[in-house]
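In our numbering, the protein residues as written are 1007 to 1448. Step one of this worksheet: look at the structure below.
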Amino acid sequence: MHCALALWALGADTEIIQAGYEWNCEHFLPRFSSPEKITVKNFNQHLGNDDAYVDFFTEIVRKVGVTSALEDYVFSEKANFISGNEDDEQPEMLNRMMDGIAHSMIEIGHGLEFNVPGLVAEGLAWTAVHFSSSSAVIPISFWTDANQMSFTTRILESTVPASKNNVHALTILARILKDARFDAIPAADNYHAVYSNITDKYGDAIIQYAQMWTFDQNDPQEAERKVEELVYANTVMYAVGGWSKDHEFNNDFFFVHFVTSAIFLYQFIEILKPASQEVFLRSYLAICLTWWIGRGRPGFDIAGFFKEVPTNPGLVAPFQAPHKDALPAADSPKASNPNPWFPLIQEALVCPDEHLAKTLRALTHFSELYGTRTAGQEDLKTTELPDAELIDGTLFIRAAVVTNERMRKKDVDVSLTRYWDRKGFYATSLNSEDQRGYVPNE
């Protein structure tokens, strides 16, 4: 369903949407049988086990609506930590929603964006049967702090001014890049072990960085600003982190989920109360940081990226100008490709790998929101990330260009899922930013 919705949103016709849906159906598994009827009383007994919860959440969403279902069953403290249950496994539903690079969150996000309550119910069911893999980086203190802030805000909002000391998500990345604890992260024998290796060893440190990231519940515009920070940080991690002047773009399969999941942050913050917004966004940041560190924590040649990566794919694969008087001039790249997104989207519409369409859809949306931003604006200039003042709204079209360029390589075989790289960013020495971020193909 993700593929069909992404293709539809990008403008595909019925034939392409149907073909994409059928191609993806080949990879679907049949629905599992529930071990018993799930009720409120036995809800916690089958968490993480098979596909037990579809009927339950279908009824819950039908009865109370998507907002109450999410608040009650994912974002409330009781849906995650039960007092007096310390010796037993906690439900940790938000943790489960973030498992598998936030796949359940993406499913729910599709339901919210396209107003399909059934997808929200299905995403909640996915959440319930996913593993609680992020216990070490999504602690109960996220709820304690957010709820305390909410309580304090209600009492003191008329007398306490909002904090001006914002800590930007790019500043968090900059601080982690300087933290020697994360140097020389070893490659995991199995990429499934990447995440658990990092949470086991560095969970406390990642929590520390996630809690450094500020969130002011006093400010009604804060959630939107913080989502924008995450969009920039995630796109930088994926696109700038994967790019090198001297080597082929490393379009990391794990990092691209930072982009494809971030488009749904808007849908969640629209319906969540401020305390839940804070818990959600902080937890999301924590899991993205964990994957980034676990894949080798690549650095960012921001200056090189904005100098070398074109903003118009016509410069890469020019087309003939329509006529001699074409605007702005017949020999201008814009005469053959006036909208740089069109050829990129055309490629994504017919690529059988759904992740490309989802990536292009997210990047086009980010460009619609932030594409007119100019370099040197105060919020980015004042972060601690070197050269962040060079970042502007063309980040997203440049990210799309390098993504699609990688698809055109002759060694790419989408049927073998080789389009997305899985080699990571590991190196024997991390003494320079040039070495961090690239491992040659063996």
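The beta-carbon is built from N, C-alpha and C at its ideal position, and this holds for glycine as well.
For residue i, which of helix, strand or coil comes out of DSSP?
i            : result
residue 1189 : coil
residue 1141 : coil
residue 1176 : helix
residue 1263 : helix
residue 1427 : strand
residue 1225 : coil
residue 1061 : helix
residue 1021 : helix
residue 1238 : helix
residue 1037 : coil
residue 1272 : helix
residue 1384 : helix
residue 1184 : coil
residue 1111 : helix
residue 1007 : coil
residue 1379 : coil
residue 1123 : helix
residue 1317 : coil
residue 1078 : helix
residue 1432 : coil
residue 1461 : Residue 1461 lies beyond the residue range present for the chain, which begins at 1007 and ends at 1448; the question has no answer from this structure.
residue 1303 : coil
residue 1067 : helix
residue 1042 : coil
residue 1398 : coil
residue 1151 : helix
residue 1015 : helix
residue 1332 : coil
residue 1118 : helix
List the endpoints of the continuous alpha helix (DSSP H) containing residue i.
i            : result
residue 1207 : 1199 to 1218
residue 1244 : Per DSSP, residue 1244 belongs to no alpha helix (DSSP H) and is neither H nor E.
residue 1195 : Element bounds for residue 1195: n/a, residue is neither H nor E.
residue 1410 : 1401 to 1413
residue 1102 : 1099 to 1103
residue 1096 : Here residue 1096 belongs to no alpha helix (DSSP H), and DSSP marks it neither H nor E.
residue 1339 : 1339 to 1342
residue 1286 : 1280 to 1300
residue 1349 : 1347 to 1356
Taking the alpha-carbon of residue i as reference, which of the options has the nearest alpha-carbon?
i            : options                : result
residue 1279 : 1226, 1251, 1292, 1256 : 1226
residue 1281 : 1193, 1153, 1236       : 1153
residue 1410 : 1303, 1080, 1048, 1315 : 1315
residue 1277 : 1030, 1103, 1118, 1105 : 1118
residue 1085 : 1341, 1149, 1126       : 1149
residue 1265 : 1272, 1237, 1248, 1283 : 1237
residue 1318 : 1298, 1332, 1343       : 1343
residue 1402 : 1246, 1114, 1069       : 1246
residue 1128 : 1072, 1187, 1263       : 1072
residue 1214 : 1242, 1181, 1240, 1230 : 1181
residue 1080 : 1209, 1311, 1218, 1285 : 1285
residue 1404 : 1288, 1173, 1347       : 1347
residue 1233 : 1070, 1146, 1255, 1176 : 1176
residue 1174 : 1239, 1188, 1398, 1212 : 1239
residue 1407 : 1303, 1249, 1376       : 1249
residue 1384 : 1396, 1426, 1083, 1377 : 1396
residue 1412 : 1258, 1267, 1296, 1028 : 1258
residue 1184 : 1303, 1047, 1107, 1048 : 1303
Quickly, what does DSSP pair residue i with across the bridge? List them, please.
i            : result
residue 1361 : Answer by DSSP bridge pairing: none, since residue 1361 is not bridged.
residue 1250 : 1253
residue 1258 : 1427
Sorted by chain position, which residues of the same chain lie with C-beta nearer than 7 Å to residue i's C-beta, five sequence neighbours on each side aside?
i            : result
residue 1194 : 1200, 1203
residue 1172 : 1220
residue 1273 : 1115, 1118, 1119
residue 1023 : 1010, 1013, 1014
residue 1393 : 1308, 1309
Take residue i and list the residues in its own chain whose beta-carbon comes closer than 6 Å to its own, dropping the five residues that flank it on each side.
i            : result
residue 1307 : none
residue 1015 : 1367
residue 1371 : 1269
residue 1155 : 1223
residue 1075 : 1066, 1067
residue 1447 : At residue 1447 the pLDDT is 31, less than 50, meaning the model places this residue with poor confidence; the figure from the coordinates comes in the next sentence. Result list for residue 1447: empty, nothing under 6 Å.
residue 1132 : 1110, 1113
residue 1134 : 1053, 1059
What do you reckon, is the C-beta of residue i under 7 Å from a heavy atom of the ligand GTP?
i            : result
residue 1354 : For the structure depicted, the ligand GTP is absent and the ligand set is empty, with no information on it obtainable.
Going along the chain, which residues of its own chain have a beta-carbon closer than 8 Å to the beta-carbon of residue i, five neighbours each way excluded?
i            : result
residue 1026 : 1009, 1010, 1013, 1018, 1358, 1360, 1363
residue 1329 : 1336
residue 1041 : 1052, 1055, 1056, 1058
residue 1331 : none
residue 1116 : 1007, 1008, 1011, 1122, 1125, 1129, 1270
residue 1287 : 1221, 1229, 1232, 1233, 1236, 1271, 1275
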